[in-house]
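A quick write-up on the structure given underneath.
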Amino acid sequence: MTVANAGRPPALEMRSVSRVYGAGDAAASALVDFSLVVERGELGTCFRTSTC
Amino acid sequence: MPLELSGMGRRQALKKAVVQLDQVGLAHRLEHFPATLSGGEQQRVAIARALVGGSQLVLADEPTGALDSVASETVMRTLRQSCNAGASAVVVTHDAQIAAWADRIVFLRDGRLVDETEAPADPDKYLAGRST
Numbered sequence: 000m001t002v003a004n005a006g007r008p009p010a011l012e013m014r015s016v017s018r019v020y021g022a023g024d025a026a027a028s029a030l031v032d033f034s035l036v037v038e039r040g041e042l043g044t045c046f047r048t049s050t051c
Numbered sequence: 000m001p002l003e004l005s006g007m008g009r010r011q012a013l014k015k016a017v018v019q020l021d022q023v024g025l026a027h028r029l030e031h032f033p034a035t036l037s038g039g040e041q042q043r044v045a046i047a048r049a050l051v052g053g054s055q056l057v058l059a060d061e062p063t064g065a066l067d068s069v070a071s072e073t074v075m076r077t078l079r080q081s082c083n084a085g086a087s088a089v090v091v092t093h094d095a096q097i098a099a100w101a102d103r104i105v106f107l108r109d110g111r112l113v114d115e116t117e118a119p120a121d122p123d124k125y126l127a128g129r130s131t
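Written out as structure tokens, the structure reads:
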């Protein structure tokens, strides 16, 4: 999923970012195909419903 | 310290630090060593340190996790003011009240972005109706 606003220029762009922490049986996905654009002057929150 | 590392003179850095610490409600603790500050106060110092250099982007993972509601509001108001002045911030939180300070909320579940919304006027009421 890509989330972007269309107003001000971007301050942060993340495209299809995936991150895994740990290894073997302890490996856990922190981010899966994560895309996000944050505009200049924008206050955004990532509301976590589970550990990531 | 971040100001001095960026080349600013000590006196000017101290002035800016005093102003920033005042904005997070710690003006009365200027002369105290870190070990004498509470966890919440140390958290607010960290927020002030992140903002004092005029950062254009602030990434904050649970910045209010150790704070009571009053201190949390102070931190979020400070971030809000920075964004109003042109900076950008992304805050990760489990707290719906904190999320409500944002222009936009994205929902993460198991590392996946599952939804987004503009901040609701009443986040508790909004979240009560969600399955996530």
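From first to last, the protein sequence lines are chains A and B. First residue of the first sequence: 0, per numbering that gives the first Met the number 0; consecutive thereafter. First residue of the second sequence: 0, per numbering that gives the first Met the number 0; consecutive thereafter. Glycine included, every Cβ here is placed at the ideal spot set by N, Cα and C.
query, result
"At a Cβ cut of 9 Å, what residues of the region 78–102 of chain B count as close to chain A, listed as they run along the chain?", "Leu-78, Arg-79, Ser-81, Cys-82, Asn-83, Ala-84, Gly-85, Ala-86, Ser-87, Ala-88, Val-89, Val-90, Val-91, Thr-92, His-93, Asp-94, Ala-95, Ile-97, Ala-98, Ala-99, Trp-100, Ala-101 and Asp-102"
"Run through chain B and tell me which residues come within less than 8 Å of Ala-22(A), C-beta to C-beta.", "Ordered by position in chain B, no residue passes the 8 Å Cβ test against Ala-22(A), which lies about 16 Å from the chain."
"Using a Cβ-Cβ distance under 8 Å, would Gln-42(B) count as near chain A?", "no"
"Out of Ile-46(B), Arg-103(B) and Asp-67(B), point me to the one whose CA is closest to Thr-77(B)'s CA.", "Ile-46(B)"
"With 7 Å as the C-beta to C-beta threshold (strictly closer), list the residues of the region 55–66 of chain B near chain A in chain order.", "Gln-55 and Leu-56"
"Taking three-plus beta-carbon pairs below 8 Å as touching, is the region 102–113 of chain B in contact with the region 26–44 of chain A?", "yes"
"For Val-19(A), which three-state DSSP category applies?", "strand"
"Quick one: using the 10 Å Cβ neighbour count with 16 as the cut-off for buried, is Gln-19(B) buried or exposed?", "buried"
"With a threshold of 16 other CB atoms inside 10 Å of the CB of Asp-132(B), please say whether the residue is buried or exposed.", "The structure shown has nothing for residue 132(B), since chain B only spans 0 to 131."
"Just mark Gly-53(B) as buried or exposed, buried being the case when its beta carbon has 16 or more other beta carbons within 10 Å.", "exposed"
"Looking at the C-beta of Met-0(A), does it have a partner C-beta in chain B at a distance below 8 Å?", "Only weak support exists for where Met-0(A) lies, its pLDDT of 35 falling under 50; the coordinates are left without a value."
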